[in-house]
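Trainee: Sequence order for the protein chains is A and B.
Heads up, the first sequence is in my numbering, so the first residue is 17 and it goes up one at a time.
Heads up, the second sequence is in my numbering, so the first residue is 271 and it goes up one at a time.
Ideal Cβ placement from N, Cα and C applies to all residues, glycine included.
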Amino acid sequence: RKEVEQDPGPFNVPEGATVAFNCTYSNSASQSFFWYRQDCRKEPKLLMSVYSSGNEDGRFTAQLNRASQYISLLIRDSKLSDSATYLCVVNRGTGNQFYFGTGTSLTVIP
Amino acid sequence: ETGVTQSPTHLIKTRGQQVTLRCSSQSGHNTVSWYQQALGQGPQFIFQYYREEENGRGNFPPRFSGLQFPNYSSELNVNALELDDSALYLCASSLVGGAETQYFGPGTRLLVL
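1) Can you give me the Cβ contacts of B/E385 inside the same chain, cut-off strictly under 6 Å, excluding the 5 residues immediately before and after it?
2) Short of 7 Å Cβ to Cβ, which residues in the region 88–106 of chain A face chain B?
3) Comparing C-alpha positions only, which one of B/G328, B/S343, B/L281 and B/P340 sits nearest to B/Y305?
4) Taking 8 Å as the limit between beta carbons, can you name the residues of its chain near A/F27, skipping five residues before and five after?
5) Enumerate in chain order the residues of its own chain whose CB-to-CB distance from A/G32 is below 8 Å, with the five nearest sequence positions on each side excluded.
6) Can you tell me which of B/P376, B/S303 and B/L383 puts its alpha carbon nearest to the alpha carbon of B/S363?
7) Could you compute how far the alpha carbon of A/L96 sits from the alpha carbon of A/Y102?
8) Under three-state DSSP, which class holds B/S295?
9) Which residues, in chain order, does the region 57–80 of chain A contribute to contact with chain B at a C-beta distance below 9 Å?
10) Give me, in chain order, the residues of the same chain whose beta-carbon lies closer than 6 Å to that of A/V66; leave out the 5 immediate sequence neighbours on both sides.
11) Taking CB distances under 8 Å as the criterion, tell me whether B/Y373 reaches chain A.
12) Leaving out five residues before and five after B/T244 in sequence, what residues of the same chain have Cβ atoms less than 6 Å from its Cβ?
13) Using the beta-carbon of each residue, which ones in chain A are nearer than 9 Å to B/P340?
14) For B/L360, which of helix, strand or coil comes out of DSSP?
15) Would you list, in chain order, the members of the region 344–361 of chain B that have their beta-carbon closer than 8 Å to a beta-carbon of chain A?
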């Protein structure tokens, strides 16, 4: 079983829509959780860390459910500039290895 | 921009050759991690260097090796290149090892023919 699993999509949504991405991780000892964004042919960039209490940054809300080993990202009022691949990332806290999902592709349509 | 730089940006090699990729970490960061990203996949962890020592390794064969220098810059060396080594190689720096947020460089695109 993969460490991190994501629905690869693609998700094609109209501008202004709300879209949610989900991610599951297999190791219950995982300690740190992140969402990264990757534009086509570019490097991944940190979008936000994910905390147990849930956190929000403008139009973006991330949530973590440790019991279900599930992470989510909600994007409200989608913009054309949100079109990218969104990578779910998990760190066990030992061995310093970050595990990436395969990414979920989002295209926001005018 | 993260301040992490990598060179070269692109590289073409033939099977069996050796390649060295370079990375300069963000100012103040003493930890460098290397990842391989094949087309359509997420980055796969190769290894991490902290204070010039390997500090964790993913599921990659020994022909993938690395170094970290006193200024925290790093090299990734791949010997006996195979066609499947064609990928984007990403370097990420962080303030310390462990679960700290990592910041990525632009990557080196390697094509093995």
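Mentor: This is what the structure gives:
1) With chain B represented from 271 up to 383, any question about residue 385 of chain B goes unanswered, as that position is not in the structure.
2) Those would be L103, in chain order.
3) Here residue 305 of chain B is taken as the residue at index 35 of the second sequence, counted from 1. Across the set B/G328, B/S343, B/L281 and B/P340, the C-alpha of B/G328 shows the shortest separation from the C-alpha of B/Y305.
4) Translated into positions along the first sequence, residue 27 of chain A becomes position 11. Counting only residues of its own chain and dropping the five nearest sequence neighbours on each side, A/F27 has a CB closer than 8 Å to the CB of V35, F37, T120, S121, L122 and T123.
5) The count along the first sequence starts at 1 and reaches residue 32 of chain A at position 16. Excluding sequence neighbours, A/G32 sits near D93 and S94.
6) Taking the first residue of the second sequence as 1, we reach residue 363 of chain B at position 93. The shortest C-alpha separation from B/S363 is found at B/S303.
7) Taking the first sequence and counting its residues from 1, the one referred to as residue 96 of chain A is at position 80. Taking the first sequence and counting its residues from 1, the one referred to as residue 102 of chain A is at position 86. Using only the alpha carbons, I get a separation of about 14 Å.
8) Counted from its first residue, the second sequence places residue 295 of chain B at position 25. In the structure shown, B/S295 sits in coil (DSSP, three-state: anything other than H, G, I, E or B).
9) For the region 57–80 of chain A, which is checked against every Cβ of chain B, the residues closer than 9 Å are R57, K58, E59, P60, K61, L62 and S65.
10) Reading the first sequence from its first residue, position 50 is the one you call residue 66 of chain A. For A/V66, where only same-chain residues beyond five positions count, the Cβ hits under 6 Å are F49, A78, L80 and I87.
11) In the second sequence, the residue the question calls residue 373 of chain B occupies position 103. Proximity of B/Y373 to chain A, defined by a Cβ-Cβ separation below 8 Å, is satisfied.
12) The question about residue 244 of chain B has no answer, for chain B in this structure spans 271 to 383.
13) As a first step, residue 340 of chain B must be located in the second sequence, where it is residue number 70. Near B/P340 there are no residues of chain A at all, since even the closest Cβ is about 20 Å away, more than 9 Å.
14) Numbered from its first residue, the second sequence carries residue 360 of chain B at position 90. It is a strand residue.
15) Under the 8 Å Cβ criterion, the region 344–361 of chain B contributes L360.
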